[in-house]
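J.:
Chains as they are written, first to last, in my numbering: chain A, 324 to 561; chain B, 2 to 73.
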């Protein structure tokens, strides 16, 4: 039976704000103050540096308008920008198999199903994380996660429609020399928006992790900031 | 300093840190609601609530300890 979880579609959010928000929400999920939460957003241009980033991976031109942010996720450097759908699931892995490798495989599965909704055949690549289009291999989605007390932060970034040049020109993304990067727009041969892809991404995450997602209202009933949210009400009543 | 008092001081410092974080999220939430960015405001509101509960847990812990040691 699916479990209730929050869904937050936050639009364009600076990396630092999203990072602080994730950590705080993870604390709230860990203590059962709020249900598990899945965040979808886009970032303004930012290069993020993970725990395994090596010197020499960054070769950002001096005139590039991009922020550089350090993070606590696994993996190496990557690029985020508008036109990329970013998903940060804040899940309690004790409810999802208590297995970080399985969690990453499940994120890949959600990405593969999202791409499949657009008749794109994304695949895993042996020994690597993320999702790839193949023959020749080109990376379409990256994954980087952090797990603390079995609660997850960070997640995946799916290239929907953006210039993939920063992945190779500004950084050696994910530490992969000579790797090619692609986007859904490039594969489909037509423009496509993050808004168009998000419903399929939401459905895939819900299906793979067995979640019933309760979306925060976009503009109605905000009042003073706290309004009736069925899942939250049941938690508060405990 | 007495070990018990040091432990109490530590608990209150942890509670204070949580309250500072809660206050920051409340301020950001207020700004987002003013800018009509409702989901972003709500996200920060829930984050604030988490920190408040964490602070409350620390203070409750201290209250329980006080109660346990009180002879009155």
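Quick reminder that beta carbons are idealized off the backbone N, C-alpha and C, glycines included. Nothing here was measured: the structure is a model prediction, and the numbers come from that model.
Could you work out which residue in A:426, A:474, A:328 and A:450 is closest to residue 358 of chain A when comparing CA atoms only?
T.: As a working mapping, residue 358 of chain A is identified with position 35 in the first chain. Answer by Cα proximity: A:328.
J.: Throw me the rounded Cβ distance for the residue 370 of chain A and residue 494 of chain A pair, which I believe falls under 8 Å.
T.: On the first chain, residue 370 of chain A is found 47 positions in, with the first residue counted as 1. On the first chain, residue 494 of chain A is found 171 positions in, with the first residue counted as 1. Their Cβ separation, rounded to whole angstroms, is 6 Å, which keeps residue 370 of chain A and residue 494 of chain A in contact under 8 Å.
J.: From the DSSP secondary-structure annotation, give me the bridge partner or partners of residue 360 of chain A.
T.: Taking the first residue of the first chain as 1, we reach residue 360 of chain A at position 37. Answer is A:329 and A:413.
J.: What residue does the alpha helix (DSSP H) around residue 435 of chain A start on, and which one ends it?
T.: For the purposes of this step, residue 435 of chain A is taken as residue 112 along the first chain, with counting starting at 1. Residues 423-439.
J.: Taking all protein chains shown into account, do 16 or more other C-beta atoms lie within 10 angstroms of the C-beta of residue 396 of chain A, making it buried, or fewer, making it exposed?
T.: Residue 396 of chain A sits at position 73 when you count from the first residue of the first chain. When all chains shown are included, residue 396 of chain A counts as buried.
J.: What do you get for residue 413 of chain A, buried or exposed, if any count of 16 or more other CB atoms within 10 angstroms of its CB means buried?
T.: As a working mapping, residue 413 of chain A is identified with position 90 in the first chain. Classification of residue 413 of chain A: buried, given that the 10 Å Cβ count is 16 or more.
J.: Going by the CB atoms, is the gap between residue 17 of chain B and residue 347 of chain A shorter than 9 Å?
T.: Taking the first residue of the first chain as 1, we reach residue 347 of chain A at position 24. Taking the first residue of the second chain as 1, we reach residue 17 of chain B at position 16. No.
J.: Skipping 5 residues on each side, what residues in its chain have a beta carbon closer than 6 Å to that of residue 438 of chain A?
T.: Along the first chain, read from residue 1 onward, the residue named residue 438 of chain A stands at position 115. Excluding residues within five positions, the ones whose Cβ falls inside 6 Å are 445.
J.: Are the beta-carbon atoms belonging to residue 508 of chain A and residue 491 of chain A less than 9 Å from one another?
T.: Position 185 of the first chain, counted from the start, is the residue given in the question as residue 508 of chain A. Position 168 of the first chain, counted from the start, is the residue given in the question as residue 491 of chain A. No, they are not a contact pair.
J.: Is the segment 335-352 of chain A touching the segment 22-41 of chain B, taking contact as three or more C-beta pairs under 8 Å?
T.: yes
J.: Can you list, in chain order, the residues of its chain whose CB lies under 8 Å from that of residue 311 of chain A, leaving out five sequence neighbours each side?
T.: The shown model of chain A, from 324 to 561, leaves out residue 311 of chain A, and the question about it has no answer.
J.: Measure the Cβ-Cβ separation of residue 54 of chain B and residue 351 of chain A and say whether it is below 9 Å.
T.: Reading the second chain from its first residue, position 53 is the one you call residue 54 of chain B. Reading the first chain from its first residue, position 28 is the one you call residue 351 of chain A. Yes, the pair counts as a contact, with Cβ atoms nearer than the cut-off.
J.: How about residue 357 of chain A: is its C-beta nearer than 9 Å to some C-beta of chain B?
T.: As a working note, residue 357 of chain A is residue 34 in the first chain. At least one chain B Cβ lies under 9 Å of residue 357 of chain A.
J.: If contacts are defined as beta-carbon pairs under 8 Å, then residue 435 of chain A and residue 454 of chain A qualify, I think. What distance do you get, rounded to the angstrom?
T.: Taking the first chain and counting its residues from 1, one reaches residue 435 of chain A at position 112. Taking the first chain and counting its residues from 1, one reaches residue 454 of chain A at position 131. Sure, about 6 Å apart at Cβ, within 8 Å.
J.: Comparing C-alpha positions only, which one of A:533, A:528, A:527 and A:468 sits nearest to residue 374 of chain A?
T.: Numbered from 1 along the first chain, position 51 holds the residue referred to as residue 374 of chain A. Nearest of A:533, A:528, A:527 and A:468 to residue 374 of chain A, Cα basis: A:468.
J.: State yes or no: is the beta carbon of residue 466 of chain A nearer than 9 Å to at least one beta carbon in chain B?
T.: Looking up residue 466 of chain A in the first chain gives position 143. Among the residues facing chain B, residue 466 of chain A is not included, as its CB has no counterpart in that chain under 9 Å away.
J.: Candidates A:340, A:460, A:362 and A:324: which alpha carbon is nearest residue 521 of chain A's?
T.: Position 198 of the first chain, counted from the first residue, corresponds to residue 521 of chain A. Checking every option, the nearest Cα to that of residue 521 of chain A belongs to A:362.
J.: On the three-state DSSP scale, how would you describe residue 473 of chain A?
T.: For the purposes of this step, residue 473 of chain A is identified with residue 150 of the first chain, where counting begins at 1. Coil at residue 473 of chain A, not helix or strand.
J.: Can you find the residues in the same chain that come closer than 6 Å, C-beta to C-beta, to residue 30 of chain B, ignoring five residues on each side of it along the sequence?
T.: Your numbering for residue 30 of chain B matches position 29 in the second chain. Excluding positions up to five away in sequence, the list reads 42, 45 and 46.
J.: Suppose you measure from the CA of residue 56 of chain B to the CA of residue 477 of chain A; what does that come to, to the nearest Å?
T.: The count along the second chain starts at 1 and reaches residue 56 of chain B at position 55. The count along the first chain starts at 1 and reaches residue 477 of chain A at position 154. Straight-line Cα distance between these residues: approximately 25 Å.
J.: Enumerate in chain order the residues of its own chain whose CB-to-CB distance from residue 342 of chain A is below 8 Å, with the five nearest sequence positions on each side excluded.
T.: Taking the first residue of the first chain as position 1, residue 342 of chain A is located at position 19. So the list reads 392 and 394, once near-sequence residues are dropped.
J.: Where does residue 546 of chain A land, buried or exposed, given buried means 16+ other C-beta within 10 angstroms?
T.: Residue numbering aside, residue 546 of chain A sits at position 223 when the first chain is read from its first letter. Bear in mind that the predicted position of residue 546 of chain A carries a pLDDT of just 47, short of 50, making it too unreliable to give a figure here.
J.: Leaving aside the five residues before and after residue 326 of chain A along the sequence, list all residues of the same chain whose C-beta is less than 8 Å from its C-beta, in chain order.
T.: As a working note, residue 326 of chain A is residue 3 in the first chain. So the list reads 358, 359, 418, 533, 534 and 535, once near-sequence residues are dropped.
J.: Where residue 519 of chain A and residue 466 of chain A are concerned, what is the direct C-alpha to C-alpha distance, given to the nearest angstrom?
T.: For the purposes of this step, residue 519 of chain A is taken as residue 196 along the first chain, with counting starting at 1. For the purposes of this step, residue 466 of chain A is taken as residue 143 along the first chain, with counting starting at 1. Residue 466 of chain A has its alpha-carbon roughly 21 Å from the corresponding atom of residue 519 of chain A.
J.: Compare the C-beta of residue 56 of chain B with all C-beta atoms of chain A and state if any pair is closer than 9 Å.
T.: Looking up residue 56 of chain B in the second chain gives position 55. Residue-level contact check: residue 56 of chain B does not touch chain A, since none of the beta carbons of chain A fall below 9 Å from its beta carbon.
J.: Alpha carbon to alpha carbon, how far is residue 34 of chain B from residue 548 of chain A? Give it in angstroms, no decimals.
T.: Here residue 548 of chain A refers to the residue found at position 225 of the first chain. Here residue 34 of chain B refers to the residue found at position 33 of the second chain. At residue 548 of chain A, the pLDDT of 45 sits below 50, so the modelled position is not reliable and the matter cannot be decided from this model.
J.: Taking C-beta to C-beta, are residue 426 of chain A and residue 470 of chain A nearer than 9 Å?
T.: As a first step, residue 426 of chain A is located in the first chain; it is residue number 103 there, counting from the start. As a first step, residue 470 of chain A is located in the first chain; it is residue number 147 there, counting from the start. Against a cut-off of 9 Å, the Cβ pair of residue 470 of chain A and residue 426 of chain A comes out as a contact.
J.: Do you know how far the Cα of residue 4 of chain B is from the Cα of residue 429 of chain A?
T.: Walking along the first chain from the start, residue 429 of chain A turns up at place 106. Walking along the second chain from the start, residue 4 of chain B turns up at place 3. In a straight line, the C-alpha of residue 429 of chain A is about 47 Å away from that of residue 4 of chain B.
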